[in-house]
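Order-wise, the sequence lines are chains A and B. Position 248 of the first sequence, counted from 1, bears residue number 248 in UniProt numbering, the numbering being contiguous throughout. Position 172 of the second sequence, counted from 1, bears residue number 172 in UniProt numbering, the numbering being contiguous throughout. All residues carry an ideal CB built from backbone N, CA and C; glycine is no exception. For clarity, every value in this text was computed on a predicted model and none was experimentally measured.
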Amino acid sequence: MSAIIKVDNLSKQYHEVKAVNDISFTVNTGDIYGFLGQNGAGKSTTIRMLLTLIAPTAGSIELFGKNLHANRKEVLQQIGAVIEKPDLYKYLTGYENLSLFARMSGVKVTQKKLNEQLEQVGLTERANSKVRTYSQGMKQRLGIAIALIHDPKLIILDEPTNGLDPQGIADIRNLILHLSRHQGKTILVSSHLLHEIELIANRMLIIDKGKKIMEGTVAELVDPARTMVHLEVTNPQQVMAWLQNSRWSTCLQEQNNTVILLQMNKQQVPELTADLVKAGASIMALQPQNSLESYFLSLTTDNRHVDTFTN
Amino acid sequence: MWTLLQIELFKIFKRPRTYIAFVAIAAIVVLIQLALYLDGKTYVNFMLQSIERFNVEGKMLNGYFVCYFILQTLLIHVPLLIALVGGDMIAGEANMGTLRLLISKPINRSTLLISKFLASTIYTLLLLVWMAFLSLLISLMVFGAGDLMVFQSQVIIQIPGSDVFWRYIAAFGFAAIAMTTVAALSFFLSLFAENSIGPIVAAMSIVIVCTILTTMDLPLFLSMKPYLFTSHMLGWKGFFDIKASANGSAELGSIQNLPGILKSALILVVHIIFFVGATVFVFRKKDVLS
Numbered sequence: 001m002s003a004i005i006k007v008d009n010l011s012k013q014y015h016e017v018k019a020v021n022d023i024s025f026t027v028n029t030g031d032i033y034g035f036l037g038q039n040g041a042g043k044s045t046t047i048r049m050l051l052t053l054i055a056p057t058a059g060s061i062e063l064f065g066k067n068l069h070a071n072r073k074e075v076l077q078q079i080g081a082v083i084e085k086p087d088l089y090k091y092l093t094g095y096e097n098l099s100l101f102a103r104m105s106g107v108k109v110t111q112k113k114l115n116e117q118l119e120q121v122g123l124t125e126r127a128n129s130k131v132r133t134y135s136q137g138m139k140q141r142l143g144i145a146i147a148l149i150h151d152p153k154l155i156i157l158d159e160p161t162n163g164l165d166p167q168g169i170a171d172i173r174n175l176i177l178h179l180s181r182h183q184g185k186t187i188l189v190s191s192h193l194l195h196e197i198e199l200i201a202n203r204m205l206i207i208d209k210g211k212k213i214m215e216g217t218v219a220e221l222v223d224p225a226r227t228m229v230h231l232e233v234t235n236p237q238q239v240m241a242w243l244q245n246s247r248w249s250t251c252l253q254e255q256n257n258t259v260i261l262l263q264m265n266k267q268q269v270p271e272l273t274a275d276l277v278k279a280g281a282s283i284m285a286l287q288p289q290n291s292l293e294s295y296f297l298s299l300t301t302d303n304r305h306v307d308t309f310t311n
Numbered sequence: 001m002w003t004l005l006q007i008e009l010f011k012i013f014k015r016p017r018t019y020i021a022f023v024a025i026a027a028i029v030v031l032i033q034l035a036l037y038l039d040g041k042t043y044v045n046f047m048l049q050s051i052e053r054f055n056v057e058g059k060m061l062n063g064y065f066v067c068y069f070i071l072q073t074l075l076i077h078v079p080l081l082i083a084l085v086g087g088d089m090i091a092g093e094a095n096m097g098t099l100r101l102l103i104s105k106p107i108n109r110s111t112l113l114i115s116k117f118l119a120s121t122i123y124t125l126l127l128l129v130w131m132a133f134l135s136l137l138i139s140l141m142v143f144g145a146g147d148l149m150v151f152q153s154q155v156i157i158q159i160p161g162s163d164v165f166w167r168y169i170a171a172f173g174f175a176a177i178a179m180t181t182v183a184a185l186s187f188f189l190s191l192f193a194e195n196s197i198g199p200i201v202a203a204m205s206i207v208i209v210c211t212i213l214t215t216m217d218l219p220l221f222l223s224m225k226p227y228l229f230t231s232h233m234l235g236w237k238g239f240f241d242i243k244a245s246a247n248g249s250a251e252l253g254s255i256q257n258l259p260g261i262l263k264s265a266l267i268l269v270v271h272i273i274f275f276v277g278a279t280v281f282v283f284r285k286k287d288v289l290s
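Given below as structure tokens:
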């Protein structure tokens with residue numbers, strides 16, 4: 001597979017602050033590449049450098065095998081992007097916004113194509129309404145339509161599910177999967193919602209405080225040996241006492257009211273269940289969480305925003 | 001470039017706020033015309049009372065006089081209306097968040113800026129055409145034509161009616177350069193803000209401060225005057241300064257100080273080039289963080 005994005009030793013410094021610190025990564029053709037990090041980790045700064053909005057302090061960016069800054073126009077013609085929230089011209093209609101940005105993308109787009117694009121993102125009925133009357137979800141979908149209108153090979157979506165309701169999030173997720181599977185697009189999607197990335201990405205990069213922490217496939221990064229098990233019982237004091245004196249004592253993480261948290265290899269979960277039943281535990285729920293969320297939290301050094309990651 | 005210019009004009013003229021300036025000018029011009037129509041003779045007599053033994057033949061309160069009166073009053077305030085659009089060109093996009101979307105498109109940053117500036121210049125020109133239509137053509141229709149009497153300090157200049165119209169065309173042409181200078185200034189200031197209020201207020205503050213410096217005859221300010229663009233913005237009045245022949249009659253088609261007017265126009269053009277050039281230079285290297 002050929003690399004569509006190749007970033008080497010990229011850095012961006014604002015005075016004393018290193019927003020991005022020596023990051024390197026590669027996105028291959030056909031990837032849905034998850035770009036993960038807390039708010040302020042450096043995701044948006046990196047994406048802005050990929051789109052030439054800001055200039056790197058150091059490092060190089062190659063897109064489609066070409067140096068970005070030497071071939072800016074040619075490279076950007078093949079990229080569609082939604083950068084943070086999709087801010088559009090509120091005094092124009094959805095159709096006018098789409099038409100205007102299509103012309104700026106340097107391709108001739110027919111009225112039919114514009115209507116088809118609006119239909120793809122479910123905005124046909126509101127195409128002639130002013131954008132100021134749109135909900136956040138509709139703006140996000142229009143932003144994606146603008147990113148797709150010139151049929152780019154690479155789509156960059158920066159926090160595409162921000163501010164959306166659950167249905168809106170599901171719609172965006174399905175659209176991303178559709179674009180990848182049926183239209184062969186390469187997609188770079190950043191988010192702090194790890195669950196979303198886990199559901200759609202095949203490869204991912206985790207950054208924290210501007211530094212790369214890990215890059216790899218989702219399967220590689222989810223270690224079954226470190227599965228978190230959420231155990232909910234009606235008699236937590238008795239169960240905790242039993243666990244502390246059992247072979248599972250080393251797995252205990254914490255207790256919060258009726259919920260006990262353990263960490264173990266996923267293959268051990270059936271044994272734990274059997275032991276708990278034998279010990280007379282009144283189990284309400286036992287849920288292994290082999291997700292990136294717990295993995296991400298274990299990797300990043302600053303967990304102050306824990307609520308953000310678990311919503 | 002042409003596509004971008006079309007897009008920028010489309011955006012300008014789709015915004016309701018664009019029409020505030022057109023409505024404001026129409027309202028002021030019509031009010032002045034109404035006031036002069038109802039009580040213009042009193043005003044003219046008041047102005048003539050200090051001048052003894054001066055006989056005026058023909059109708060002094062004519063369309064040309066009304067237009068001159070309007071221009072003298074209005075052209076000082078039009079820069080505010082120009083700054084409303086000029087100051088919004090970049091800062092407004094940054095405020096809306098659309099600037100980052102524009103920059104991520106395969107468009108050269110310089111081309112984008114120049115098309116934006118050209119669009120704000122076209123808006124400026126249309127505003128002046130609208131002003132010319134209302135203040136000159138409507139005044140001529142309502143008040144009729146005649147000789148133009150221009151009061152300059154203690155002198156009255158009488159320009160024959162047949163020699164006035166072209167002077168107005170030239171004056172509006174000069175005003176277009178002067179107003180484009182204000183557009184360029186507010187456009188430049190627009191680069192440093194993320195909402196349009198700052199550049200609009202800053203542009204107006206600069207125009208006001210420079211105008212005050214221009215009008216003060218203190219030695220320190222006198223040395224600065226030739227370099228201040230505000231010193232040259234009223235150069236349009238020079239087109240109404242007609243030469244007098246040896247017998248005291250007006251020389252048709254003449255201008256007292258044409259080189260002075262051309263020099264003022266050139267200085268304004270240099271200011272425009274400087275402001276636009278500086279905007280392009282800074283913007284090419286600017287990180288778009290909005």
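In angstroms with no decimal places, state the Cα-to-Cα distance between N303/A and I213/A. Annotation note: pLDDT 49 at N303/A (below 50); position unreliable, no value reported.
Who are the neighbours of S120/B on chain A, taking C-beta pairs under 7 Å? By Cβ distance, chain A contributes nothing, its closest Cβ being about 17 Å from S120/B, past 7 Å.
Closer than 8 Å, Cβ to Cβ, to anything on chain B: give me those residues from the segment 26 to 53 of chain A, in chain order. R48, L51, T52 and L53
Against chain D: residues of the segment 82 to 115 of chain B by CB proximity under 8 Å: In the structure shown, chain D cannot be found, because the protein chains are A and B.
Proximal chain B residues relative to S105/A, where beta-carbon distance stays under 8 Å: K105 and P106
Would the segment 131 to 145 of chain A count as touching the segment 181 to 199 of chain A if we require 3 or more Cβ pairs under 8 Å? no
Assign D88/B to buried or exposed, taking buried as 16 or more other Cβ atoms, counted over all protein chains shown, within 10 Å of its Cβ. buried
Is it a yes or a no for the segment 137 to 145 of chain B touching the segment 85 to 101 of chain B, going by three-plus beta-carbon pairs under 8 Å? no
So what's R203/A in DSSP terms, helix, strand or just coil? strand
In its own chain, which residues sit with a C-beta less than 7 Å from the C-beta of L289/B, not counting the 5 before and 5 after it? none
With 9 Å as the limit, tell me which residues of the segment 4 to 16 of chain B have their beta carbon closer than that to any beta carbon of chain A; keep them in chain order. L4, Q6, I7, F10, K11, K14, R15 and P16
Spatial distance of A203/B from V85/B (CA atoms): 11 Å
Are the CB atoms of G34/A and I155/A nearer to each other than 8 Å? no
Checking 8 Å against the spacing of the C-beta atoms, do I157/B and I242/B come in under that value? yes
Shorter than 8 Å from the beta carbon of F64/A to some beta carbon of chain B? no
What span of residues does the beta strand (DSSP E) with V85/B cover, start to end? Segment V78 to G86 is the alpha helix (DSSP H) holding V85/B; no beta strand (DSSP E) there.
Using a Cβ-Cβ distance cut-off of 8 Å, determine whether V7/A contacts chain B. no
At least one CB of chain A closer than 8 Å to the CB of V288/B: is that the case? yes
Which full runs of the beta strand (DSSP E) of 3+ residues lie inside the segment 175 to 257 of chain B, going along the chain? none
For the segment 123 to 156 of chain A, list every residue whose C-beta sits within 7 Å of some C-beta in chain B, in sequence order. none
Would you check if there are 3 or more beta carbon pairs closer than 8 Å linking the segment 110 to 121 of chain B to the segment 221 to 232 of chain B? no
Does the beta carbon of L88/A come closer than 8 Å to any beta carbon on chain B? yes
Contact check, Q253/A vs R226/A, beta carbons under 8 Å: no
With 8 Å as the threshold, decide whether the Cβ of L92/A is near any Cβ in chain B. yes
Tell me, which residues are paired with R252/A by DSSP? This sequence places Leu at residue 252/A; Arg is not what is there. Note: L252/A sits in a beta bridge opposite L262/A.
To the nearest angstrom, report how far apart D8/A and S60/A are at their CA atoms. 5 Å
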